[in-house]
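In what follows, a single structure is set out as structure tokens and then discussed.
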Amino acid sequence: MESKQELQVWATIDAADIKVGCGKEVPVPVTIRNIQSSKRKFTLRIRSEFKSRDELVEWFVTLDYPKQKEYTISKFDKEPIEEDIDIDGKQSRKISMVVSTPKGGYMGDSVTFYVSIFSADGINNLEKAFTLELTPVIVAVKTTVGNEIPVSIDLANKSDVDLGERKLINQDALSEVFSIMAPHEVRGYVFVETMHPDRLAVIAKGIRGFKGIVEGDIKIGEIEHYLTPKPAVAGLELGAFVELIDGPFKGEKAKIMSIDAGKEEVTVQLVESMVPIPVTVRAEAIRMLDKK
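Numbering (the working numbering), first residue to last: 18 to 309.
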């Protein structure tokens, strides 16, 4: 049963200002309660104001009352959406409103929605405004293991070529790749910031080692720890056995004798050397061996 306090709240519009990627769906639940005993008529009206670089870019609004219907709105065509709703006394009606952002919008494009609910008898009236602003998203690009860097370089180069071609038609065109991150610790994936993941898949097609785009966006908080590189000496221990992977002793096995964290250098002693001469190398030039 609804509480007395809930019955006094005759309408709710569950929406807030957010930044969202292109081609996404944003639900905006609407509830209308007829707090009187007799049947009454209410009107749901949705107006929109655009901040858009291209007036032909279309957004979509879907309502499930009286039956599911999709409305197309744009800077060029922004007629208010209006639906009348009859509600019996002491009853409520839940309406599903979903805003679908355009796939081809520009960064910073936004729409401010003004959602109004009012009763035909003039007793109840409510309006709530909220803004949806288009922002880049981060997606994971899957690669063959070991080809993370080559795929990143090829993707950046192909994006530059694509941008040049599109600028011949539209001088306002922007690169489909804002940034690429290929953390050393992550094998088989790179992270790409883009406005249009669907366009990214087209550009990447044909790149050797590219294996597709993982569905869904990645929050910056999930990968921000990769933005601060770990010291090269992290995880190294005195007495540990390592393999030299760079320099004149590449391939040799050695034992760590001292660690200089400030210079990020390690002094090792070659295991198979006839004379135990210490060798100082960069920490990046060694690889820890299995402790076993």
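Glycine included, every Cβ here is placed at the ideal spot set by N, Cα and C.
*Verify the contact flag: V231, CB atom, against every heavy atom of the ligand COA, threshold strictly below 7 Å.*
As presented, the structure is devoid of all ligands, the ligand COA included, so that no description of it is given.
_Those runs of the beta strand (DSSP E) which lie wholly inside the segment 217-249 and span at least 3 residues_ = The qualifying runs are 227-230.
*Below 8 Å CB to CB, which residues in the same chain sit around Q108 once its five sequence neighbours on both sides are set aside?*
Within the same chain, and ignoring the five residues on either side of Q108 in sequence, the residues whose Cβ sits closer than 8 Å to its Cβ are R50, N51.
*Closest by CA to I273, which one among G252, K228, E96, P119?*
It is G252 whose Cα lies nearest to the Cα of I273.
*Work out the CA separation of S176 and L143 for me, nearest whole Å.*
Going by the C-alpha atoms only, they are around 47 Å apart.
*Hey, V45 and V116 are a contact pair by Cβ (cut 8 Å); roughly how many whole angstroms apart?*
Indeed they touch by this definition, with Cβ atoms about 6 Å apart.
_Could you compute how far the alpha carbon of K92 sits from the alpha carbon of E42?_
Their backbone Cα atoms lie some 19 Å apart in a straight line.
_Taking 6 Å as the limit between beta carbons, can you name the residues of its chain near E301, skipping five residues before and five after?_
Non-local beta-carbon contacts of E301 in its own chain, meaning distances under 6 Å to residues more than five positions away in sequence, involve A249 in chain order.
_Suppose you measure from the CA of V283 to the CA of H201; what does that come to, to the nearest Å?_
Going by the C-alpha atoms only, they are around 20 Å apart.
*State the Cα-Cα distance for the pair V168 and F258, rounded to the nearest angstrom.*
If I take the Cα positions, the gap works out to 33 Å.
*How many angstroms separate the CA atom of I90 from the CA atom of K68?*
Roughly 13 Å separates the two Cα atoms.
*Just the Cα atoms here: how many angstroms apart are R216 and E193?*
As the crow flies, the alpha-carbon of R216 is around 7 Å from that of E193.
*Beta-carbon proximity check, I155 vs D94, cutoff 8 Å*: No, these two residues do not count as a Cβ contact at 8 Å.
*Relative to the alpha-carbon of G147, which residue among E72, Y131, K159 has its alpha-carbon at the smallest distance?*
Checking the sequence shown, residue 147 turns out to be Phe, not Gly. Nearest in C-alpha terms to F147, of all of E72, Y131, K159, is Y131.
_Spatial distance of Y88 from F77 (CA atoms)_ = One C-alpha to the other measures close to 6 Å.
_Residue of L306, D263, M291, I224 minimising C-alpha distance to T297_ = Among L306, D263, M291, I224, the Cα nearest to that of T297 belongs to D263.
*Use the C-beta contact count for P153: other C-beta atoms within 10 angstroms, 16 or more gives buried, fewer gives exposed.*
Around the beta-carbon of P153, 16 or more other beta-carbon atoms lie within 10 Å, marking it buried.
_Collapsed DSSP secondary structure at N164 in the structure displayed_ = Note: N164 maps to coil in three-state DSSP.
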